[in-house]
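Peer 1: In our numbering, the protein residues as written are 3 to 119.
We treat Cβ as the ideally placed atom computed from N, Cα and C, and that holds for glycine.
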């Protein structure tokens, strides 16, 4: 699951729809720091259409809690991202990622982000 988290950040930075699609469960809820909650399809459409452009996603600190086939990753991220063509100031986000294990792979079922004031 730690590798899945790294793969998620790499796919976000590369705007890799196929990789993101494989990492997100079909019933994933992706909650942005603005409070917008999206389904997997809505989030992937946003990435595809340039609504979400990621320039930096770097964990400053991270804690992983593993319980059976579920894992929760709490992190503070050094983050730059937003709509394509709009300047993105650096910010820090507090994120919670909830992963479930399916055989030998992990899929994200929930992502929640909050801006650090």
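1. I'd like to check one pair, residue 117 with residue 35: are the Cβ atoms closer than 7 angstroms?
2. In angstroms, rounded to a whole number, what distance separates the CA positions of residue 78 and residue 23?
3. Give the secondary structure of residue 86 by DSSP, where H, G and I count as helix, E and B as strand, and everything else as coil.
4. Mind reading off the beta-carbon distance from residue 81 to residue 95? Whole number of angstroms is fine, and I expect it under 8 angstroms.
5. According to DSSP, is residue 100 part of a helix, a strand, or is it coil?
6. Between 83, 85, 84 and 62, which has its C-alpha nearest residue 75's C-alpha?
7. Could you check which residue in 101, 71, 86 and 97 has the C-alpha nearest to that of residue 48?
8. Going by the CB atoms, is the gap between residue 107 and residue 71 shorter than 7 angstroms?
Peer 2: Taking the geometry as given:
1. In contact: residue 35 and residue 117 (Cβ atoms closer than 7 angstroms).
2. If you take the alpha carbons of residue 78 and residue 23, they lie about 24 angstroms apart.
3. In the displayed model, residue 86 falls within coil according to three-state DSSP, outside both helix and strand.
4. With 8 angstroms as the limit, residue 81 and residue 95 qualify as a contact, their Cβ atoms being about 5 angstroms apart.
5. It is a strand residue.
6. Looking from the CA of residue 75, the closest CA among 83, 85, 84 and 62 belongs to 62.
7. Shortest Cα-Cα distance from residue 48 to any of 101, 71, 86 and 97 involves 86.
8. No.
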